[in-house]
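S.K.:
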Amino acid sequence: MTSPVDDPPGTPRRILVHNPASGDASHGDQIRRLADERGYEVRETESAEDIVEQAATAATEADVVAAAGGDGTLTRAVRGLARADAFEDTLFGVVPVGTGNNFAGNVGVTGIEHGFDVIDHGDRRRIDVGLVNETPFLNSVVAGLTAEASADTEPEAKERWGTLAYAMTTAETLREFDNLRVRIEPDGDEPLSCDAKIVFVGNARSFPSTGRTQGNVEDGLLEVAVIEDVSTLDLIEESLQAALGNDAEHVSRFETRRLEIELSGEPDDISVDGEILTESHLTFDVWERTLWLPVGETYEPSPQGSR
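Shown next as structure tokens:
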């Protein structure tokens, strides 16, 4: 891979926005040690909104703003960069310390120390930022079964079981889940109305169909996957087929830059990079090649078969 942009001239000032509550909250000493060794000022956050505010402030003071946390922390930090209108000149670094660390994995960052190494030596890319109801997101937005299960997963279970906690809650939720009645209107295409178990809109994350989940995050498009109303056994089979890279009969997939999703009835839980919102109408757009960040060796600018 080659880097399309160069580092800022001179010695950059570096600030690390650290969410000490991410993951199992045991990473504080390691984060502070590595940050100190590499010349970062560490600013610890106290709440979700504080992440946004700290990142926005850091972006006005530093050339490199890194975020240490899980998917939700990274997304909120990017919202801070957006608030400060700092995408053009700010290099954004990823240090994964969350439960799932999906976004970090999708940009080739595999651990805490590796995250610091990638900031120093990784290729620099400009990647897309998704928007849902004008709010930035990085990985994906999910409505339906998995969003409801994510909302029902207790923090204590996530701390004890990690990503397995989500699977356990999903299995429990599946028995009582009511289908979503949705109307989906892609930009410039025919609308789709159906009963759905899951509606997935991906930016850096792709709905698995080839054994990998990294989406093409440099094409200005969102990936949409709709799992229509199926029985529990069929849903399990569809999920297994998708994980194995096979086509799934009840999954509709397409790409679009903009779309609208209308959920009939009462507002439903929506998972936005792990953050649970309650909405009934969703409008999506893309800021194309906006976020400047270093990526790891396994990142693919145009992943084969991701969409």
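What the sequence shown shows, in full-length UniProt numbering, is residues 1 to 307, in sequence order. No residue lacks a Cβ here, since even glycine has one placed at the ideal position from N, Cα and C. All of these numbers come straight from a predicted model, not from anything done at the bench.
Count the other C-beta atoms from every protein chain shown that fall within 10 angstroms of the C-beta of THR90, then say buried if there are 16 or more, exposed otherwise.
M.R.: Residue 90 sits at position 90 when you count from the first residue of the sequence shown. By the 10 Å Cβ count, THR90 comes out buried.
S.K.: Less than 8 Å between the C-beta atoms of GLN30 and ILE127, yes or no?
M.R.: Taking the sequence shown and counting its residues from 1, the one referred to as residue 30 is at position 30. Taking the sequence shown and counting its residues from 1, the one referred to as residue 127 is at position 127. Cβ distance not < 8 Å, so GLN30 and ILE127 don't count as in contact.
S.K.: Would DSSP call THR45 helix, strand or coil?
M.R.: Along the sequence shown, read from residue 1 onward, the residue named residue 45 stands at position 45. It is coil, neither helix nor strand.
S.K.: In terms of residue numbering, what span does the alpha helix (DSSP H) encompassing GLU32 cover?
M.R.: To locate residue 32, count along the sequence shown from 1; it is residue 32. Reading off the sequence shown, one finds Arg at residue 32, where the question assumed Glu. Segment 28-37, the alpha helix (DSSP H) holding ARG32.
S.K.: Would you report the Cα separation of ARG181 and ILE270, rounded to the nearest angstrom?
M.R.: The sequence position of residue 181 within the sequence shown is 181, counting from 1. The sequence position of residue 270 within the sequence shown is 270, counting from 1. ARG181 and ILE270: Cα-Cα distance of roughly 14 Å.
S.K.: Quick check on DSSP: helix, strand or coil for GLY115?
M.R.: As a working mapping, residue 115 is identified with position 115 in the sequence shown. If DSSP states are grouped into helix, strand and coil, GLY115 belongs with the helices.
S.K.: Give every residue of the same chain whose Cβ lies closer than 8 Å to the Cβ of THR278, excluding the five residues on either side of it in the sequence, and list them in chain order.
M.R.: Counting from 1 along the sequence shown, the entry for residue 278 is found at position 278. So the list reads PRO267, ASP268, ASP269, ILE270, once near-sequence residues are dropped.
S.K.: In the DSSP output, what is THR278 paired with across the bridge?
M.R.: Start at 1 with the first residue of the sequence shown, and residue 278 comes out as number 278. According to DSSP, THR278 bridges with ASP269.
S.K.: Compute the Euclidean distance between the alpha carbons of GLY296 and GLY265, then round it to the nearest angstrom.
M.R.: For the purposes of this step, residue 296 is taken as residue 296 along the sequence shown, with counting starting at 1. For the purposes of this step, residue 265 is taken as residue 265 along the sequence shown, with counting starting at 1. Looking at the two C-alpha atoms, the distance is approximately 43 Å.
S.K.: What does DSSP give as the partner residues of ASP123 in its beta bridges?
M.R.: Residue numbering aside, residue 123 sits at position 123 when the sequence shown is read from its first letter. According to DSSP, ASP123 bridges with VAL295.
S.K.: Should ALA35 go down as buried or exposed, given a rule of 16 or more other Cβ atoms within 10 Å for buried?
M.R.: In the sequence shown, the residue the question calls residue 35 occupies position 35. ALA35 is buried by the Cβ-count criterion.
S.K.: Within its chain, find whatever has a CB closer than 6 Å to the CB of THR290; leave out the 5 residues flanking it on each side and keep chain order.
M.R.: Along the sequence shown, one-based indexing puts residue 290 at 290. Excluding sequence neighbours, THR290 sits near PHE87, VAL129.
S.K.: If you follow the alpha helix (DSSP H) that LEU74 is part of, which residue opens it and which one closes it?
M.R.: Here the question's residue 74 lines up with position 74 in the sequence shown. Where LEU74 is concerned, the enclosing alpha helix (DSSP H) stretches over 71-83.
S.K.: Using the C-alpha atoms, what's the distance from ALA55 back to THR45?
M.R.: Along the sequence shown, one-based indexing puts residue 45 at 45. Along the sequence shown, one-based indexing puts residue 55 at 55. Approximately 10 Å between the Cα atoms of the pair.
S.K.: Would you call the region 213-221 in contact with the region 189-205, where contact means no fewer than 3 C-beta pairs closer than 8 Å?
M.R.: Short answer: they touch.
S.K.: Going by the beta-carbon positions, is the gap between ALA62 and ARG14 smaller than 8 Å?
M.R.: Your numbering for residue 62 matches position 62 in the sequence shown. Your numbering for residue 14 matches position 14 in the sequence shown. Closer than 8 Å, so yes.
S.K.: Classify GLY39: buried if its beta carbon has 16 or more other beta carbons within 10 angstroms, exposed otherwise.
M.R.: Within the sequence shown, the letter at position 39 stands for residue 39. Looking at its Cβ environment, which holds fewer than 16 other Cβ atoms inside 10 Å, GLY39 is exposed.
S.K.: In the DSSP output, which residue or residues are listed as bridge partners for PHE200?
M.R.: As a working mapping, residue 200 is identified with position 200 in the sequence shown. In DSSP, PHE200 forms a bridge with VAL142, ALA225.
S.K.: Using three-state DSSP, classify GLY93 as helix, strand or coil.
M.R.: Translated into the one-based positions of the sequence shown, residue 93 becomes position 93. Three-state result, GLY93: strand.
S.K.: Within 10 angstroms of its Cβ, does PRO294 collect 16 or more other Cβ (buried), or is it exposed?
M.R.: As a working mapping, residue 294 is identified with position 294 in the sequence shown. Classification of PRO294: buried, given that the 10 Å Cβ count is 16 or more.
S.K.: With distances taken from CA atoms, which of HIS114, ASP117, GLU228, ILE261 is nearest GLU190?
M.R.: As a working note, residue 190 is residue 190 in the sequence shown. When each option's Cα is compared against that of GLU190, the closest is ILE261.
S.K.: Report the three-state DSSP secondary structure of GLY130 (helix, strand or coil).
M.R.: Taking the sequence shown and counting its residues from 1, the one referred to as residue 130 is at position 130. GLY130 falls in the strand class under three-state DSSP.
S.K.: Is DSSP giving GLU53 helix, strand or coil here?
M.R.: As a position in the sequence shown, residue 53 is number 53, starting the count at 1. Note: GLU53 maps to helix in three-state DSSP.
S.K.: Once the 5 residues before and after ARG253 are set aside, which same chain residues still bring their CB inside 6 Å of it?
M.R.: The count along the sequence shown starts at 1 and reaches residue 253 at position 253. The residues are ALA225.
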